[in-house]
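K.L.:
I have a structure here, written as structure tokens, and I will follow up with some questions on it.
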DNA sequence: TACGTCCGTACGTTATCGCATACAGGTACG
DNA sequence: CGTACCTGTATGCGATAACGTACGGACGTA
């Protein structure tokens, strides 16, 4: 099923270049790629090297990953409150409820989940350390209660309203030290390898 | 400053391949790229074509944009509740309060913001349509109240607890039709073009 | 009409990407 | 000890990416 996506970047480059009101030679100078090359790339007559593609992207003031991401499908997808896939994560972790709020689409770049942590509870636990794909990045926003983020040997206390951003490919977990229940939202981006 | 990022993809590919416990020939078969080529790419001795890079990514069960995005820096960054940059967005939009919860770091892949919309209020409004960078993708999670997402000519009603995912490079805005105040969180990913 | 300038594209050359094959270094088995 | 197999890497050659140059065409101006 993994059909080799036909790198449609060509038309996209042309559209972006024209949107910035640049000629081929203008972009050639900005990017360090010759104008004829740009023409061929735009018409799909050639498949540029990563470095030249990167130069083209940078000439368009974009990252190559950003440029490539433009040619990925997507529309509007709604998950209703009653359709939220709720569950209790991990066998050893009592008092931890996870609700995944984003649909399980392939190519999804962001996963949003709501976590409810009972007093004293821990996400994952020592036996099952939450650690995402290489390159993953996580944003956590504390809604209610207090938390400790333990990551890479360090412990960061968080209060309600705090927001933390960190690399999720490091082994980490959240603890609820306080007497009250804690709720937080987690945004995990990238590294969504389908299992 | 737009230093041509030295496509570090090589070591990353090797790390991912080894993480999946694949040999060069295994990945060669899965991706349709010869094993020697993979070796050269992994050691940075050559810069693959977009199509071959795409094949490699697909062999790793990733999108090329996902693969490339892995090489962006970051660590742990906390925004305290009292440090949240609060503001009233747009001149013409009364009743709309925005709190940006993520730090303004370059290379940030995700921006998390909390929005409070008074009854009848609209985000942005017709004069200032919220529309993000090409390739942007947005996730919105309704916390309280009801909303309408108007995007691309269509109107999607949302209730508390609903979560919607859509392409943010389309012109769009949120409306609060109900009698009550509405609160929602917005996650905007990618499309952070340095101005 | 004729000129200068800009546009995007077709030409021919060089550098290099990408493959098939062959090699050196490990480990397991008879 | 050799055989068989695996790993990742070094070779040689065909295909092609990328360059500099040069061309047909469109527009403005004299």
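Residue numbers (the working numbering), protein chains in the order written: chain U, 364 to 558; chain W, 364 to 558.
For each residue, glycine too, the CB sits at the ideal point set by N, CA and C.
1) Mind checking which residues open and close the alpha helix (DSSP H) that includes residue 381 (chain W)?
2) What number of angstroms, rounded off, separates the C-alpha of residue 480 (chain W) from the C-alpha of residue 545 (chain W)?
3) Could you name the residues of the region 404-416 of chain W whose beta carbon sits closer than 7 Å to any beta carbon of chain U, in the order they occur along the chain?
4) For residue 392 (chain U), which three-state DSSP category applies?
5) Would you kindly report the start and end of the unbroken beta strand (DSSP E) that includes residue 544 (chain U)?
6) Please name the residue or residues paired with residue 551 (chain U) in a DSSP beta bridge.
7) Under 7 Å between beta-carbons, which chain W residues line up against residue 322 (chain U)? List them in chain order, please.
8) Flag this pair as touching only if the region 369-385 of chain U and the region 375-392 of chain W have three or more C-beta atom pairs under 8 Å; answer yes or no.
9) Strictly under 8 Å for the Cβ-Cβ distance: is residue 475 (chain U) near chain W by that measure?
10) For my contact list, residue 426 (chain U) and residue 412 (chain W) are in at a C-beta cut-off of 8 Å; report their separation, rounded to the angstrom.
11) Is the distance from the Cβ of residue 502 (chain W) to the Cβ of residue 522 (chain W) below 8 Å?
12) Chain U partners of residue 550 (chain W), CB-CB under 7 Å?
13) For residue 395 (chain W), which residues from the same chain have a beta carbon less than 6 Å from its beta carbon, with the 5 sequence-adjacent residues on both sides left out?
14) Please name the residue in U:535, U:405, U:524 and U:528 whose C-alpha comes closest to that of residue 518 (chain U).
15) Does DSSP put residue 518 (chain W) in a helix, a strand or coil?
16) Just reading off the alpha helix (DSSP H) that residue 405 (chain W) is part of, what are its end residues?
17) Tell me the DSSP bridge mates of residue 418 (chain W)?
18) Helix, strand or coil, according to DSSP, for residue 512 (chain U) in the structure here?
19) Applying a beta-carbon distance threshold of less than 8 Å, which residues of chain W neighbour residue 372 (chain U)?
20) Indicate whether residue 529 (chain W) and residue 478 (chain W) have their beta-carbon atoms separated by less than 8 Å.
21) Comparing alpha-carbon positions, which option in W:408, W:540 and W:500 lies nearest residue 508 (chain W)?
22) How big is the Cα-Cα spacing for residue 400 (chain U) and residue 485 (chain W)?
23) Would you decide whether residue 500 (chain W) is buried or exposed? Buried here means 16 or more other CB atoms lie within 10 Å of its CB.
24) Would you give the residue range spanned by the beta strand (DSSP E) that residue 424 (chain W) belongs to?
25) Classify residue 422 (chain U) as buried or exposed, calling it buried when 16 or more other Cβ atoms lie within 10 Å of its own Cβ.
26) Residue 546 (chain U) CB to nearest chain W CB: under 8 Å?
27) Would residue 410 (chain U) and residue 414 (chain W) be called neighbours here (beta carbons separated by less than 8 Å)?
28) Comparing C-alpha positions only, which one of U:538, U:543, U:542 and U:527 sits nearest to residue 550 (chain U)?
29) If we cut at 8 Å on Cβ distances, does residue 526 (chain U) have a partner in chain W?
30) Grab me the residues of residue 430 (chain W)'s own chain with a C-beta within less than 6 Å of its C-beta, minus the 5 sequence neighbours each way, in chain order.
31) Where residue 403 (chain W) and residue 392 (chain W) are concerned, what is the direct C-alpha to C-alpha distance, given to the nearest angstrom?
32) Could you give the residue range of the beta strand (DSSP E) that holds residue 538 (chain W)?
P.N.:
From the atom records:
1) The residue you call residue 381 (chain W) lines up with position 18 of the second chain. For residue 381 (chain W), the enclosing alpha helix (DSSP H) has its first and last residue at 372-382.
2) The residue you call residue 480 (chain W) lines up with position 117 of the second chain. The residue you call residue 545 (chain W) lines up with position 182 of the second chain. Each residue's alpha carbon lies about 5 Å from the other.
3) Of all residues in the region 404-416 of chain W, only 410, 411, 412, 413, 414 and 416 come within less than 7 Å of chain U when Cβ atoms are compared, listed by chain position.
4) Taking the first residue of the first chain as position 1, residue 392 (chain U) is located at position 29. Here residue 392 (chain U) sits in helix by DSSP.
5) One-based indexing of the first chain puts residue 544 (chain U) at position 181. In the DSSP assignment, residue 544 (chain U) falls outside any beta strand (DSSP E) and carries neither an H nor an E.
6) By 1-based counting over the first chain, the position of residue 551 (chain U) is 188. According to DSSP, which records beta bridges pairwise, residue 551 (chain U) is partnered with U:474 and U:501.
7) Here chain U has residues from 364 to 558 only, and residue 322 (chain U) is not among them.
8) Using a Cβ-Cβ distance cut-off of 8 Å, the region 369-385 of chain U and the region 375-392 of chain W are not in contact, since fewer than three pairs of beta carbons, one from each stretch, lie closer than that value.
9) By 1-based counting over the first chain, the position of residue 475 (chain U) is 112. Yes, contact with chain W.
10) Residue numbering aside, residue 426 (chain U) sits at position 63 when the first chain is read from its first letter. Residue numbering aside, residue 412 (chain W) sits at position 49 when the second chain is read from its first letter. With a contact defined as Cβ atoms closer than 8 Å, residue 426 (chain U) and residue 412 (chain W) miss out at about 19 Å.
11) Here residue 502 (chain W) corresponds to residue number 139 of the second chain, with the count starting at 1. Here residue 522 (chain W) corresponds to residue number 159 of the second chain, with the count starting at 1. Going by C-beta atoms, residue 502 (chain W) is not nearer than 8 Å to residue 522 (chain W).
12) If you number the second chain from 1, residue 550 (chain W) lands on position 187. Residues of chain U whose Cβ lies closer than 7 Å to the Cβ of residue 550 (chain W) are, in chain order, 473, 475 and 550.
13) Locating residue 395 (chain W) in the second chain gives position 32, where the first residue counts as 1. For residue 395 (chain W), where only same-chain residues beyond five positions count, the Cβ hits under 6 Å are 418.
14) In the first chain, counting from the first residue as 1, residue 518 (chain U) sits at position 155. Cα-wise, what sits closest to residue 518 (chain U) is U:535.
15) Counting from one through the second chain, the residue named residue 518 (chain W) turns up at place 155. Strand, per DSSP.
16) Position 42 of the second chain, counting from 1, holds the residue named residue 405 (chain W). Taken as a continuous stretch (DSSP letters only), the alpha helix (DSSP H) holding residue 405 (chain W) covers 398-405.
17) For the purposes of this step, residue 418 (chain W) is taken as residue 55 along the second chain, with counting starting at 1. Answer is none; residue 418 (chain W) lacks a bridge partner.
18) Mapped onto the first chain, residue 512 (chain U) falls at position 149. Strand at residue 512 (chain U).
19) Your numbering for residue 372 (chain U) matches position 9 in the first chain. Chain order gives the chain W residues near residue 372 (chain U) as 413, where near means a beta carbon separation below 8 Å.
20) Residue numbering aside, residue 529 (chain W) sits at position 166 when the second chain is read from its first letter. Residue numbering aside, residue 478 (chain W) sits at position 115 when the second chain is read from its first letter. Their beta carbons are not under 8 Å apart, which means residue 529 (chain W) does not touch residue 478 (chain W) by this criterion.
21) Within the second chain, the letter at position 145 stands for residue 508 (chain W). Considering only W:408, W:540 and W:500, the residue with the shortest C-alpha distance to residue 508 (chain W) is W:540.
22) In the first chain, counting from the first residue as 1, residue 400 (chain U) sits at position 37. In the second chain, counting from the first residue as 1, residue 485 (chain W) sits at position 122. Approximately 46 Å, taken between the alpha carbons.
23) Counting from 1 along the second chain, the entry for residue 500 (chain W) is found at position 137. Buried, since its Cβ has 16 or more Cβ neighbours within 10 Å.
24) For the purposes of this step, residue 424 (chain W) is identified with residue 61 of the second chain, where counting begins at 1. Careful: residue 424 (chain W) lies outside any beta strand (DSSP E) and carries neither H nor E.
25) Taking the first chain and counting its residues from 1, the one referred to as residue 422 (chain U) is at position 59. Residue environment analysis places residue 422 (chain U) among the buried positions, since at least 16 neighbouring C-beta atoms fall within 10 angstroms of its C-beta.
26) The residue given as residue 546 (chain U) occupies position 183 in the first chain. Using a CB distance cut-off of 8 Å, residue 546 (chain U) does not count as an interface residue toward chain W.
27) Looking up residue 410 (chain U) in the first chain gives position 47. Looking up residue 414 (chain W) in the second chain gives position 51. Cβ atoms of residue 410 (chain U) and residue 414 (chain W): closer than 8 Å.
28) Position 187 of the first chain holds residue 550 (chain U). Here the closest residue by C-alpha is U:527.
29) Reading the first chain from its first residue, position 163 is the one you call residue 526 (chain U). Between residue 526 (chain U) and chain W, the shortest Cβ-Cβ separation is below 8 Å.
30) Numbered from its first residue, the second chain carries residue 430 (chain W) at position 67. If we look at residue 430 (chain W) and ignore the five residues flanking it on each side, its Cβ neighbours are 420.
31) Sequence index remark: in the second chain, residue 403 (chain W) carries index 40 (1-based). Sequence index remark: in the second chain, residue 392 (chain W) carries index 29 (1-based). Distance between the alpha carbons of residue 403 (chain W) and residue 392 (chain W) is about 16 Å.
32) On the second chain, position 175 is the one that residue 538 (chain W) refers to. Residues 535-538.
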